[in-house]
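Undergrad: So that you can map any letter, position 18 of the sequence shown is 18 in full-length UniProt numbering, and since no number is skipped, the others follow by simple counting.
Please see the structure below; I have some questions.
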Amino acid sequence: MKIEQLKNIIEAALLASAVPLKAEKLQELFTEDEEVSSDDILKALNILGENCAERSIELKEVRSGFRLQVKQNYTEWVSKLWQERPSKYSRALLETLALVAYRQPITRSEVEQVRGVSVSSHIMKTLLERNWVKVVGHRDVPGKPGLYATTKEFLDYFNLKNLSELPPLSEIRDIDSINAELEFEMPAADPITEPDDNHIKLSIDIDDSEEISESDEANDSDSSVEVLEA
Numbered sequence: 001m002k003i004e005q006l007k008n009i010i011e012a013a014l015l016a017s018a019v020p021l022k023a024e025k026l027q028e029l030f031t032e033d034e035e036v037s038s039d040d041i042l043k044a045l046n047i048l049g050e051n052c053a054e055r056s057i058e059l060k061e062v063r064s065g066f067r068l069q070v071k072q073n074y075t076e077w078v079s080k081l082w083q084e085r086p087s088k089y090s091r092a093l094l095e096t097l098a099l100v101a102y103r104q105p106i107t108r109s110e111v112e113q114v115r116g117v118s119v120s121s122h123i124m125k126t127l128l129e130r131n132w133v134k135v136v137g138h139r140d141v142p143g144k145p146g147l148y149a150t151t152k153e154f155l156d157y158f159n160l161k162n163l164s165e166l167p168p169l170s171e172i173r174d175i176d177s178i179n180a181e182l183e184f185e186m187p188a189a190d191p192i193t194e195p196d197d198n199h200i201k202l203s204i205d206i207d208d209s210e211e212i213s214e215s216d217e218a219n220d221s222d223s224s225v226e227v228l229e230a
């Protein structure tokens, strides 16, 4: 099969799929008679990625595989087609998420110790419902509190392949910049070891995450917190 035809088939498959596809899954689309090797798949993916350079879409590899997605600089117009408004998240939730990312695995009480305020059940419920964090074990202390870490789904959402792509803490700006780029400032953490299938990205697209409304913040005791200093 010619590489151009293979590239077009892969592009069609990625556009038709609702989830990212790994190279192995793409290879399964072809019969043995078509003699498409794993190297052929990767070569076609590379060409497809290069072809997207001048287009409004990009080829992105995340934890679950490859996907085609709209480039960020076109979100302003494309978002007008969305029937539902993106979910909105409080500053407290984002601070909690940042702590889980850089200190994982971590307990809820340990998050509270660093932040200096309690973490509401609503925040943890939201993170769990979004499948951005999960319980990966329990701390061997009285009460056996759950240990939280980030997930593969969260990695996919934030366009990362693995935990090593987290931005260095030195590059994370003050959390007040959230209204512009939604990046976070965190205290220095111990070196990160990567749990299996647990990953995170802290650079959230502004069109995907905003601060919650005043009425919601009034019901969340964590919404009024001081910025953590490194």
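Here a beta-carbon is modelled for each residue, glycine too, at the ideal position from N, C-alpha and C.
Just so it is clear, the structure is predicted and the values come from calculations on it, not from any experiment.
Determine whether the beta carbon atoms of Glu58 and Lys43 lie at a separation below 8 Å.
TA: For this step, residue 58 is matched to residue 58 along the sequence shown. For this step, residue 43 is matched to residue 43 along the sequence shown. Not a contact, by the Cβ cut-off of 8 Å.
Undergrad: Given that a residue counts as buried once 16 or more other Cβ atoms are within 10 Å of its Cβ, and exposed if not, what is Thr31?
TA: Reading the sequence shown from its first residue, position 31 is the one you call residue 31. Counting Cβ neighbours within 10 Å, Thr31 comes out exposed, since fewer than 16 surround it.
Undergrad: What is the DSSP secondary structure of Val70, reduced to helix, strand or coil?
TA: Along the sequence shown, read from residue 1 onward, the residue named residue 70 stands at position 70. Here Val70 sits in strand by DSSP.
Undergrad: For the beta strand (DSSP E) holding Leu59, just list the boundary residues, first then last.
TA: On the sequence shown, residue 59 is found 59 positions in, with the first residue counted as 1. Residues 57–62.
Undergrad: Kindly list the residues whose CB is nearer than 6 Å to the CB of Glu11, restricted to its own chain and excluding five residues on each side of it in sequence; keep chain order.
TA: Here residue 11 refers to the residue found at position 11 when the sequence shown is read from its first residue. These residues qualify, in order along the chain: Leu48.
Undergrad: Using 8 Å as the threshold, is the C-beta distance between residue 250 and Lys60 below it?
TA: Because the chain spans 1 through 230 in this model, residue 250 falls outside it and cannot be assessed.
Undergrad: Helix, strand or coil: how does DSSP classify Val36 here?
TA: If you number the sequence shown from 1, residue 36 lands on position 36. In the structure shown, Val36 sits in coil (DSSP, three-state: anything other than H, G, I, E or B).
Undergrad: Quick one: is Leu15 buried, meaning 16 or more other Cβ sit within 10 Å of its Cβ, or exposed?
TA: The residue labelled residue 15 in the question sits at position 15 within the sequence shown. Under this definition Leu15 is an exposed residue.
Undergrad: Within 10 Å of its beta-carbon, does Ser90 have 16 or more other beta-carbons around it, so buried, or fewer, so exposed?
TA: For the purposes of this step, residue 90 is taken as the residue at position 90 of the sequence shown. The residue is buried, with at least 16 neighbouring Cβ atoms inside 10 Å.
Undergrad: Work out the CA separation of Ala98 and Val141 for me, nearest whole Å.
TA: For the purposes of this step, residue 141 is taken as the residue at position 141 of the sequence shown. For the purposes of this step, residue 98 is taken as the residue at position 98 of the sequence shown. Approximately 24 Å between the Cα atoms of the pair.
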